[in-house]
Structures are given as structure tokens and as C-alpha cells.
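Novice:
2 protein chains.
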Amino acid sequence: MTETKFDTTCIGNAIVDVISKVEDSFLETEGLVKNSMNLIDEDRAEDLYGKMGSAVEISGGSAGNTAAGVASLGGRSNYIGKVKNDQLGDIFTHDIRAMGVNFETQKSDQGAATARSFILVTPDAHRTMNTYLGACVELGPDDINPDDIAASAVTYMEGYLWDPEGGKAAFRKAAQIAHEADQRVSLTLSDSFCVDRYREEFKSFIIDGVDILFANEDEIKSLFQTDDLQVAIDAIRPHVEIACVTRSAEGSLILQADESIEIAADRSIEVVDTTGAGDLYASGFLYGFTNGFSLAESGAIASLAAAEVISHVGARPATNLKELVQSRLK
Amino acid sequence: MTETKFDTTCIGNAIVDVISKVEDSFLETEGLVKNSMNLIDEDRAEDLYGKMGSAVEISGGSAGNTAAGVASLGGRSNYIGKVKNDQLGDIFTHDIRAMGVNFETQKSDQGAATARSFILVTPDAHRTMNTYLGACVELGPDDINPDDIAASAVTYMEGYLWDPEGGKAAFRKAAQIAHEADQRVSLTLSDSFCVDRYREEFKSFIIDGVDILFANEDEIKSLFQTDDLQVAIDAIRPHVEIACVTRSAEGSLILQADESIEIAADRSIEVVDTTGAGDLYASGFLYGFTNGFSLAESGAIASLAAAEVISHVGARPATNLKELVQSRLK
């Protein structure tokens, strides 16, 4: 294992979120399943945007949010993702760098615009996402800097990255480099529909070489096509070093070898917008794990980071997480 | 007076706000006066943005916020302002139309990008604005649709519009059309520094034909170069039909002929971001005034709309103001 330059390198779809409040009836009319992520094309993006109310634009992208969280916690954070050289690409680039994240991926000059996710937040604070991948389809293996991956304690990738052409190849290249350098590979399953799309490929990829897996209850059940969480847990244990299974308000489980650690969710906060909860959970755990904290401590940091992000609109921390952790976790 | 199509037509600089939290020390380092609006060029915009933390983008622009407020209250609202045919221009256009505002101003195809205001919100919830006018300099008399102005009960203009080339000419044309159609002309002084830039021109314009004037305490004092609010009030009375003088947490004064009506501010809310307080006050008053409410009632609606907008980040209503007014006022 070489000396590390980064605690984490996060790889994902670089997206600007377009967030709007809607009533539940809007989801019904548009045929959308609450809490899901739907891939949409440019025509549908235009159609949906035209029907949405006024919105707020905030940089997002699942792994981008995780990278922002690691940096906010004081970790050394690197991000790989593709934007176009346009106004939204400038906004994405500014925001992630302003959080303290290293972001050097070459912008695309041609082709589709920077990706947008139209996020509909219902009165119950749940979010339903509609993502136009745009420039994300331009990401490929050439965007993976081998030196940076080899010098990252953990290379973390979002399952969503399997959607665009080229993402999968970038993904596999990064995983190979990380393992050759004796570093860890981490994956989030992202979304149960995403698992539906790539179940067998995800399984092979996990068995071949994921060290730290993040999944929520629905995703891990979907992976093993079971309704029984315990069955899914028993199935994943042998294949990864660590699995973190998040269960919304029920907290989370951290699994390692035969051990199961239960982490409580912070129920004291008022939930405003659940966007980014899983992303920030991952940032807290990865920050803790790569900075010498125990699994239980890392889980507590994860819980705190997730609670912060669901207490406001937007999927990135609005507070300095390092100070929050210091004030809350002794 | 012809039959009206719009309660209000609002004319102003069409701007997307880029909002970021900063410490007071940031203002000091950058030599910025808290609560002011500073005009910046493209180089300074880039410099400042590079120093700012991650931000949120929300459509803004003083008169745009007022137009959004009138629509949210259920009023018939029209807006005139110039954006470029770019991503931020699309966002501005979407958002104001999604609020129910009629917005038909031709986008510019060449020249500077859509305007941005870098808004720095300090821990005390006060905002300091740094505006790059961009495409706003392209607005001119040709953008004023005479039929729409003649069919608006009130044509409302922001003082800021005197900054870009062409804005002033558009302003004068609109005022003339409104008066020829026996409709009312309204002006907000916008900012005490703006008053400093155009004091004598503003005075002439007001005397020549402003019917409803909006100003905060600093602005009206600056107009008459006095430290004494009463002196300023006595000076403005003879020249306008109505003057609304806002005084932050002290509430506001509505002056008509010899009458002075005191309107209380809503002090029950937690102030998060004062951006848009004056804009939404104006929307509430103009909605009330053009819909048959008394001055006191219009002032109460104005107060409620202002309180709503300072209770969250962003300068446009996040709540349906019509429902808010119905639930709170009787």
C-alpha cells in the first residue's frame, strides 16, 4: 500500500439538482414512483421542467455529495465526474471545489449539456428524482487518473455510474488500479431500480472485488431478490469486508465478518428533504474509516452527516460537518 | 382608464441569485458594506465567485421578485426584463413563468451572459449583493410593449434599472405610456447607494410622475440628504399619491396626503435571509392596492409577504401567498 494522497476518491455522475416542491398528486399524474430515480431523455426533461414550479439549483450527484461530505468532515477528498463547459458545468465545478474537494476531470466541449436531476420533494420530505444524464455519458476510462486512484485509501463509486456509456469501463479500470495498489474499493447500490437494471453485473462486480458496500434495505433485498432483510444480510456477508445497510429512520447496520453493529438514526431533527441522506451517510462512514475511527464511531459520524443533510433543502452539507462532529461526538 | 389586463407590470434587471453563507470577516476582507448592492464587472464576478463557498442558485432580480409575489398572491402579474438565451436565462424564464407571471421579453442572442447577483448572507441573516448586470444592459425601449403597459393598473419599476444603458429610456417610455392611459406609475428607490448615484434624476422623475413610491428609511433619507426621517417624510408627501416607507423590524409607514398609517412588522418569524424583503413588501402592497383593499389592509398583506420571504433562503415566496394571506388575515 502506497502512501495516500486522498482518503477517498469518489466517482459518479456529475449533476446539478433542480429542486422543486410538489404535491403527491403531481407524482401520480406523471406516473412517478416516490423515492425512485428515473432516467429521462432531453425531451422528457423539457416536458417535466415545463410542468414543475419554480425551482432551486444546487450542485448534486450522488458521489459528488459524498465527496463534499468527506471534505466538510475534514477529509482529503477527490472527485471524478464529467460536466460540459457550460454555465451549469461552471456551477458544479465551483461548488465542489469550494467545498475543498479536488476536482480535475476534463470538461467536455461538445455534445450534451451538463446533467440535471429534476428532484421533486413531496410534503412528506421524500424526494423523487428524474435525471437527464447529459454530459455524464462522456465519462470514460481516460478520465481515471491512475496515480490518484492508487493514492486513495478508498475509491468509492455509485451504482448509477453503470447507466451512461463509458461509466462502467471507467469504474472497472478504477477498481483494478485500486486493488493493484492494495487500496480499497467501495460501491453504493444507489437505487433499487438501478439494482434491477444491473443485478447480475453488480453481483459479479461485488464478488470480484468490492471491499466496502453501501446499500439501503430495499437495494440489498433487491440485489438478492428477497423480502427478508436477514436473508440478504447473510448473503452479502461472505463477499465483502464491510457492508453498511441503511434503514432510514430505523438507523443502520454495519456488518463485518460475523459482527453486526447497530447504529441509531438521529430522530431529533425535522426532516425537510431526504435527498442526499445515503450519500452523506457514506461520506461519514468513509471519513471515519479512513481516519482511524472504529466501525461504531464511523457509523455515528455517518448518522450525524446524514441527519444534517436531510434537515435542509439540497443534498450537500450546509454546515461545517467537522465542527458538527466535534460538538456532537465529544 | 382602459380595462386592465394586469394588476401590475414590473420592470427590472432579470437576475439569477447565487447565494452563499459567509462570515462577517469575508465582507471586511473584500471591502464590502453590509446590506449594500454593489455593481461588479465580469472580472470581479469571477474573482469573487472563486473566493465564495458553495452556493445555491435561485431566480431573483428585485422587480422579478415583486412580480412573483403579486402572482403568488393571486394577482395578474406581468414582468419585463432581459436575459440571454443561455442556461441561466432558461432558469430565470422557467421560474418566473412557473410562478404564474406573464414574461415575454425577447431573450438576447449575443453579448453578455444572463445577469447574476452574488449574494453573501452573514450569520445575522443580512445580505450583501454583488451584481454583474450581464445581459440586462441589452434592455431598451423596444422591450416595452405599449399595450401591456396601458393595460396594467400599476407599472412598477426598480431604481436599479437606471444602472444599465437603455434601462432608463425603457423606464421613461413605460411611465409615459402608463400615464397616457391613466394608469399609475410606481418606483422603488432600491438601495441608498443607487439613490446616491441618481439622486437628482430620481427626484425629477418622482416629481414628474411617480404615483406610488417605495423606499426604506435609508433610501428616503438619502434622497433628501437628511438624517431625520420626519424631514424626509415631509419632503416626499407633496410629490406622490402614496409613499410606503419600510423600516425593517420597526414595520412600515404608508403616507397618503396628510395621513400616516403605521404597519407593524411580523416579529414572530425566525429571520434566515433578508433578501427580497422590500421586493415582497411591494408585491403585497401593490396586490392589495390594485384589488380593492384599504391602505391598512394592503400594508398588512405587504408585511405578511415580506415576513414569508425572510423566513427562508431566496428572494421569492416559498409558500402560496394567497393561501397564507387567507389563513392569517381574518
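Protein chains in written order, with our numbering: chain D, 1 to 330; chain S, 1001 to 1330.
Glycine included, each C-beta is placed from N, C-alpha and C at the ideal position.
What are the partner residues of A215 of chain D, as DSSP defines its beta bridges?
Specialist: A215 of chain D is bridged to D:V245.
Novice: Between G89 of chain D and S283 of chain D, how many whole angstroms is the CB-CB distance? I'm expecting something under 8 Å.
Specialist: At roughly 23 Å, the Cβ-Cβ gap does not stay under 8 Å, so G89 of chain D and S283 of chain D are not in contact.
Novice: Do the region 1303-1323 of chain S and the region 1252-1267 of chain S meet, that is, are 3 or more Cβ pairs less than 8 Å apart?
Specialist: Result yes; three or more Cβ-Cβ pairs closer than 8 Å.
Novice: For R316 of chain D, which residues in chain S fall below 8 Å Cβ to Cβ?
Specialist: Under the 8 Å cutoff, chain S gives S1054.
Novice: Any beta carbon of chain D sitting closer than 8 Å to that of S1222 of chain S?
Specialist: Judged by the 8 Å Cβ criterion, S1222 of chain S is not in contact with chain D.
Novice: In chain D, what lies closer than 9 Å to Q1326 of chain S by C-beta?
Specialist: Those do not exist, as Q1326 of chain S stays about 18 Å from chain D at its closest Cβ, beyond 9 Å.
Novice: Measuring CB to CB, does S117 of chain D end up less than 8 Å from M99 of chain D?
Specialist: No.
Novice: Would you say E1057 of chain S faces chain D, with C-beta separation under 8 Å as the test?
Specialist: It does: the Cβ of E1057 of chain S has a partner Cβ on chain D nearer than 8 Å.
Novice: In the DSSP assignment, what are the bridge partners of D1017 of chain S?
Specialist: According to DSSP, D1017 of chain S bridges with S:I1058, S:S1117.
Novice: Less than 8 Å between the C-beta atoms of I1058 of chain S and I1015 of chain S, yes or no?
Specialist: No, they are not a contact pair.
Novice: Quick one: is S1252 of chain S buried, meaning 16 or more other Cβ sit within 10 Å of its Cβ, or exposed?
Specialist: Buried, by the Cβ-count rule.
Novice: Just how far apart, CA to CA, sit V33 of chain D and R127 of chain D?
Specialist: Near 10 Å, if we compare the C-alpha coordinates of R127 of chain D and V33 of chain D.
Novice: Would you report the Cα separation of I80 of chain D and L213 of chain D, rounded to the nearest angstrom?
Specialist: Cα-Cα distance, rounded: 19 Å.
Novice: Quick one: grab the DSSP three-state call for E1388 of chain S.
Specialist: As displayed, chain S neither begins before 1001 nor continues past 1330, which places residue 1388 of chain S out of reach and without an answer.
Novice: Taking its Cβ as the centre, do 16 or more other Cβ atoms sit within 10 Å of D1182 of chain S, making it buried, or is it exposed?
Specialist: Flag for D1182 of chain S reads exposed.
Novice: For the beta strand (DSSP E) that contains C1010 of chain S, what are its first and last residues?
Specialist: Looking at the DSSP string, the run of the beta strand (DSSP E) that includes C1010 of chain S is 1006-1011.
Novice: Strictly by DSSP, which residues pair up with N78 of chain D?
Specialist: DSSP lists D:T9, D:N102 as partners of N78 of chain D.
Novice: Do the region 150-162 of chain D and the region 181-198 of chain D make contact, defined as three or more Cβ pairs closer than 8 Å?
Specialist: Yes: at least three Cβ pairs fall under 8 Å.
Novice: Give a yes or no on whether the minimum CB-CB distance between Y49 of chain D and chain S is below 8 Å.
Specialist: So yes, Y49 of chain D belongs to the interface.
Novice: If contact is defined by three or more beta carbon pairs under 8 Å, each pair taking one atom from either stretch, is the region 94-108 of chain D in contact with the region 190-203 of chain D?
Specialist: The region 190-203 of chain D vs the region 94-108 of chain D: no contact.
Novice: Taking only beta-carbon atoms, is A335 of chain D less than 8 Å away from chain S?
Specialist: Because chain D is modelled from 1 through 330, residue 335 of chain D falls outside the range shown and cannot be assessed.
Novice: Starting from M1129 of chain S, find everything on chain D with Cβ-Cβ shorter than 7 Å and list it in chain order.
Specialist: Result: empty, since nearest Cβ-Cβ is about 18 Å, beyond 7 Å.
Novice: Looking at the secondary structure, which residues open and close the beta strand (DSSP E) in which I1263 of chain S lies?
Specialist: From DSSP, the beta strand (DSSP E) with I1263 of chain S extends over 1259-1263.
Novice: When you compare the region 233-243 of chain D with the region 202-218 of chain D, are there three or more beta-carbon pairs, one atom per stretch, that lie closer than 8 Å?
Specialist: At 8 Å Cβ cutoff, the stretches touch.
Novice: Can you list the residues of chain D that A1098 of chain S reaches, using a CB-CB cut of under 7 Å?
Specialist: Chain D residues near A1098 of chain S: M52, G53, S54.
Novice: Following the continuous alpha helix (DSSP H) through L255 of chain D, name the residue where it begins and the one where it ends.
Specialist: Element bounds for L255 of chain D: not the alpha helix (DSSP H) but the beta strand (DSSP E), 252-256.
Novice: In whole angstroms, give me the CA-to-CA distance for V1272 of chain S and H1312 of chain S.
Specialist: Their Cα atoms are separated by approximately 5 Å.
Novice: Below 9 Å on C-beta distance, what does L1032 of chain S contact in chain D?
Specialist: Ordered by position in chain D, no residue passes the 9 Å Cβ test against L1032 of chain S, which lies about 18 Å from the chain.
Novice: Which residue spans inside the region 1174-1239 of chain S form an unbroken beta strand (DSSP E) run of at least 3?
Specialist: If we require 3 residues or more, the beta strand (DSSP E) runs fully inside the region 1174-1239 of chain S come out as 1184-1188, 1212-1216.
Novice: Which chain S residues are close to Q110 of chain D, counting only those with a beta carbon under 7 Å from its beta carbon?
Specialist: Under the 7 Å cutoff, chain S gives no residues; its nearest Cβ is about 16 Å from Q110 of chain D.
Novice: Between G75 of chain D and the rest of its own chain, which residues show a CB-CB distance below 6 Å, the 5 nearest in sequence each way excluded?
Specialist: D7, Y287.
Novice: Taking the alpha helix (DSSP H) that V309 of chain D falls in, what are its first and last residues?
Specialist: Looking at the DSSP string, the run of the alpha helix (DSSP H) that includes V309 of chain D is 295-310.
Novice: Cβ of H1094 of chain S less than 8 Å from any chain D Cβ?
Specialist: Interface residue, yes.
Novice: By DSSP, does S268 of chain D sit in helix, in strand, or in coil?
Specialist: If DSSP states are grouped into helix, strand and coil, S268 of chain D belongs with coil.
Novice: Apply the 10 Å Cβ neighbour rule to A1174 of chain S and answer buried if 16 or more other Cβ atoms are within range, or exposed otherwise.
Specialist: It is buried - the Cβ of A1174 of chain S has at least 16 other Cβ atoms within 10 Å.
Novice: What does L1255 of chain S reach in chain D if we use C-beta pairs closer than 8 Å?
Specialist: Within 8 Å Cβ-Cβ: nothing; L1255 of chain S doesn't reach chain D, min ~33 Å.
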